[in-house]
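Protein sequence lines, in the order shown, are assigned to chains A and B. When we follow our numbering, the leftmost residue of the first sequence carries the number 121, and every step to the right adds one. When we follow our numbering, the leftmost residue of the second sequence carries the number 74, and every step to the right adds one. For each residue, glycine too, the CB sits at the ideal point set by N, CA and C. Because the structure is a prediction, the values reported are computed rather than measured.
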Amino acid sequence: MPIDYIIGQLVNGLRLGSIYAIVAIGYSIVYGILKLINFAHGDIMTLGVYAMLIFMTMLGLPIWMVIILSMMISVCAGLLIERLAYRPLRSAAEETTLVSSLAVSTLLQNVLLMIFSAQKQAFLLPDYMTELHTIGSIHLSTMNIITFASVAVSLVVLILVIHKTRIGTAMRACSENLTAAKLMGININKVIVFAFAVGSALACMAGFMLAGEYKTVDPAMGFVPGLKAFCAAVLGGIGSLGGAVIGGLLIGVSEMLFAGLMPTTVTAYRDAFVFVVLILVLLFKPTGILGSRERA
Amino acid sequence: MRHMEKIRLRDSNIFRLICFVLAPLIIIIMAGQKNGGYYNGIVCTFGIYALLAASLNLVNGFSGMFSMGHAAFMAVGAYTSAFLTLAPQQKINMLPGLPEWLQNVQLPLLPALLICGLCAALLALIVAFPVVRFKGHYLAVATLGLVVIVRSVLDIEGDVTNGARGITGLPSSASIWLIFGVLVVSLFIMYRLLSSAYGRSLIAMRDDQVAAQTLGVNLTAKKISIFCISAFFAGIGGALWGHTQTVISGQFFYFNMSFKIVQMSIIGGMASLSGGLLGALFITIVPELLAPLESGFVLFSYPLPDLYGLSNIIMSVFLVVLIIYRRQGLMGNSEILLDTFFSKNTYTSVFKKDEYKHFAKACINLCQRKKKS
Chain A
121 MPIDYIIGQL
131 VNGLRLGSIY
141 AIVAIGYSIV
151 YGILKLINFA
161 HGDIMTLGVY
171 AMLIFMTMLG
181 LPIWMVIILS
191 MMISVCAGLL
201 IERLAYRPLR
211 SAAEETTLVS
221 SLAVSTLLQN
231 VLLMIFSAQK
241 QAFLLPDYMT
251 ELHTIGSIHL
261 STMNIITFAS
271 VAVSLVVLIL
281 VIHKTRIGTA
291 MRACSENLTA
301 AKLMGININK
311 VIVFAFAVGS
321 ALACMAGFML
331 AGEYKTVDPA
341 MGFVPGLKAF
351 CAAVLGGIGS
361 LGGAVIGGLL
371 IGVSEMLFAG
381 LMPTTVTAYR
391 DAFVFVVLIL
401 VLLFKPTGIL
411 GSRERA
Chain B
74 MRHMEKIRLR
84 DSNIFRLICF
94 VLAPLIIIIM
104 AGQKNGGYYN
114 GIVCTFGIYA
124 LLAASLNLVN
134 GFSGMFSMGH
144 AAFMAVGAYT
154 SAFLTLAPQQ
164 KINMLPGLPE
174 WLQNVQLPLL
184 PALLICGLCA
194 ALLALIVAFP
204 VVRFKGHYLA
214 VATLGLVVIV
224 RSVLDIEGDV
234 TNGARGITGL
244 PSSASIWLIF
254 GVLVVSLFIM
264 YRLLSSAYGR
274 SLIAMRDDQV
284 AAQTLGVNLT
294 AKKISIFCIS
304 AFFAGIGGAL
314 WGHTQTVISG
324 QFFYFNMSFK
334 IVQMSIIGGM
344 ASLSGGLLGA
354 LFITIVPELL
364 APLESGFVLF
374 SYPLPDLYGL
384 SNIIMSVFLV
394 VLIIYRRQGL
404 MGNSEILLDT
414 FFSKNTYTSV
424 FKKDEYKHFA
434 KACINLCQRK
444 KKS
């Protein structure tokens, strides 16, 4: 097998992995504080993508404005969901909130389905975003470089926020012990809202990248990548930011290598492969790679 | 002797008999009159959903685990029954990859159902060994993963499963009688199981794992066994579903189906088998009622466009509202329906004078109370 091919697959894996990583960060932040698997996270991603589609094709706004506006919409949606579906259930068992998040996920998917129909729609980036750059034997589009950069930037910024700012300290306290944090006078609602806002904004960004990758959008596009990102977060050690990124990249790369290097009869099991990895991780190292150090 | 003040209608055995045994029986008989009709279809769907929801409650409500993998076990049941009941000629055309001995087998539905259940239970056994160790929502995600894995196998192994096109032409031999016969027998088995020592220790495990363990409950064995038992009934439910639809493919047994069954069990109440029945009733009927809204209706003389997905939206909103305001589901953990169904007392009460007196008094009481208010 030519080495170029393997490198190409590696780069593809990193591209996909970066997207998982960004979604996984959102999962991880929310999970770290609320111990809630927010299944609707993947659908907030889809929502963000549809918002972009409207701003881009119907209103013809420049791309940076599109991203900012749709991020704002995603954040609003995330906060609304938190307020209406999760906050009343804060004292409930984790399974109850899980069901609530699944219901919200179905709700979002069906709202999008109702408005935009189930048909796939084209998601075309402007030419300068898809322009290819060649470094050695690696081909990357501007979009890919933005993807990599945004993973790095968001990781660094978030780690700084969590370790250097007041709200970050509050977040760490909340993830240690929500009740104790509340008793110490931390406004936990503020912290949770912040976590949801960051998670939703990142989900929207990931949606942009995912749609750029596939070039089409449909109402159910976010759910399975969302689940995979959750697997990534578990693999990296849920609750840890660095872990989410490492997990995301590992899942992306191994998925791509699996798809590229295995015999063709097996490659179709890509999705199944990710979940087998999840089960194995949960069995043998439930704390994930980075364990529960550096909780977000 | 009962006190005069406390006579309530719902305590009357006669009343219960009428509501929970006779009325359903009449509905089933009426729906059974015309095979293949619209109401027949709905009642059949209800029967199958009830079986699925009740079997999910075994795991989710009584053992303290939370599984979302019912669609996977259904799929195994449905495909197994397709392998066993299709005519050899159909199998050669559609499923050339099947082994020789399976190609020539054609069983009647009833023994096939049993084998379907066993196959699903076998999958559950394999899966349960690693999976039951997971806590809380990790188990939910792992079982959701199982659904993805099973779907991938169904879509990809085209020689054996006909791929994403699915299997068509299953014999539609699941009559309403068979479905409700299976349902009643299964419910009876589950009900007796839960009232046995096994069921008690299961509930003890749900309420407090450590305490149960100190009292000598083998947690892992209990968890694995109940997971398999639940999958057994799910497999049967899946097979019946296949025989009412006559078409099965991987896409039917995906997240939507899993989520639907979880929804039934949550709405009805997880810790009650009758809750499963009630949830199934709700999930079967309400979308049917909402269906006209989806294909465009007229609101204040303003015709709305097609709103495909509206019933799902309403159902999810309802679910969120329900778990916020009544987390334990409609039934909570009471078992009024099945207690009536399976207790001898209900049926012998027909021959007792006292019961009629009680019933009459309760009716009079109710009327008087209504007049006062």
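Query raised in the report: Which of the three DSSP states, helix, strand or coil, is assigned to Ser-416(B)?
Result: coil
**Report entry** Contact under 8 Å by Cβ, Val-335(B) with Met-141(B)
**Finding:** yes
Query raised in the report: From Phe-159(A) to Ile-386(B), what does the alpha carbon distance come to, in whole angstroms?
Result: 16 Å
Query - Other residues of its chain near Asp-338(A): CB distance less than 6 Å, five sequence neighbours each side excluded - result: Lys-240
Query raised in the report: Taking the runs of the alpha helix (DSSP H) that are 4 residues or longer, which of them lie wholly in the stretch 245-322 of chain B?
Result: 249-268, 270-280, 282-287, 292-318
Requested in this report: Please name the residue in Cys-324(A), Met-263(A), Tyr-147(A) whose C-alpha comes closest to that of Tyr-248(A).
Outcome: Met-263(A)
Query raised in the report: Just the Cα atoms here: how many angstroms apart are Glu-173(B) and Ser-225(B)?
Result: 24 Å
Query raised in the report: Can you pull the DSSP bridge partners for Gln-336(B)?
Result: Answer is none; Gln-336(B) lacks a bridge partner.
**Report entry** Lys-107(B) to Val-258(B) span [Cα, whole Å]
**Finding:** 24 Å
Report task. Mind checking the stretch 124-136 of chain B against chain A and listing, in chain order, the residues whose C-beta falls within less than 7 Å of any C-beta there? Result -> none
Requested in this report: Kindly say whether Val-390(B), judged by its beta-carbon, lies nearer than 8 Å to any beta-carbon of chain A.
Outcome: yes
Query raised in the report: Would you call Glu-251(A) buried or exposed, if buried means 16 or more other Cβ atoms sit within 10 Å of its Cβ?
Result: exposed
Requested in this report: Could you confirm whether any beta carbon from chain A is found closer than 8 Å to the beta carbon of Gly-51(B)?
Outcome: Chain B is shown from 74 up to 446; residue 51(B) falls before or after that span and cannot be answered.
Query raised in the report: Between which two residues does the beta strand (DSSP E) carrying Leu-252(A) extend?
Result: 252-255
Requested in this report: Answer with buried or exposed for Met-345(A), where buried requires no fewer than 16 other C-beta atoms within 10 angstroms of its C-beta.
Outcome: Per the sequence presented here, residue 345(A) reads as Pro, with Met not at that position. Under this definition Pro-345(A) is a buried residue.
Query raised in the report: What are the residues that DSSP puts in a beta bridge with Ser-261(A)?
Result: Leu-252(A)
Requested in this report: Could you list the residues in the stretch 377-393 of chain A with a C-beta less than 7 Å from some C-beta on chain B, going in chain order?
Outcome: Ala-388, Tyr-389, Asp-391, Ala-392
Query raised in the report: When the distance is taken between beta carbons, is Ile-201(A) closer than 8 Å to Ala-315(A)?
Result: no
Requested in this report: Kindly indicate the opening and closing residues of the alpha helix (DSSP H) around Ile-358(A).
Outcome: Ile-358(A) -> no alpha helix (DSSP H), and no H or E assigned at all.
Query - Any 3 or more C-beta pairs closer than 8 Å across the stretch 355-367 of chain B and the stretch 112-132 of chain B - result: yes
Query raised in the report: So which residues of chain B does Thr-166(A) contact, with C-beta pairs closer than 9 Å?
Result: Within 9 Å Cβ-Cβ: nothing; Thr-166(A) doesn't reach chain B, min ~14 Å.
Query - Proximal residues to Ala-307(B) (C-beta, below 7 Å), its chain only, five neighbours per side dropped - result: Leu-125, Ser-128, His-143, Phe-146, Met-147, Gly-150, Ala-193
Query raised in the report: Is the Cβ-Cβ distance between Glu-375(A) and Leu-136(A) less than 8 Å?
Result: yes
Query raised in the report: Over what stretch of residues does the alpha helix (DSSP H) that includes Pro-365(B) continue unbroken?
Result: 346-367
Query raised in the report: Are at least three pairs of beta-carbons, each pair with one atom in the stretch 208-221 of chain A and one in the stretch 316-334 of chain A, less than 8 Å apart?
Result: no
Query - Straight-line Cα distance separating Phe-378(A) from Leu-280(A) - result: 35 Å
Report task. Kindly indicate which three-state DSSP category Gln-441(B) falls into: helix, strand or coil? Result -> helix
Requested in this report: Mind reading off the beta-carbon distance from Phe-395(A) to Val-221(B)? Whole number of angstroms is fine, and I expect it under 8 Å.
Outcome: 5 Å
**Report entry** Inter-residue spacing [alpha-carbon to alpha-carbon] between Glu-414(A) and Val-271(A)
**Finding:** A caution first: Glu-414(A) carries a pLDDT of 39, below 50, which makes its placement in the model too unreliable to give a value.
Query raised in the report: Can you check whether the CB of Gly-342(B) is closer than 8 Å to the CB of Asn-418(B)?
Result: no
Query raised in the report: Hey, does Asn-449(B) have any beta-carbon neighbour from chain A nearer than 8 Å?
Result: The first residue shown for chain B is 74 and the last is 446, placing residue 449(B) beyond what the model contains.
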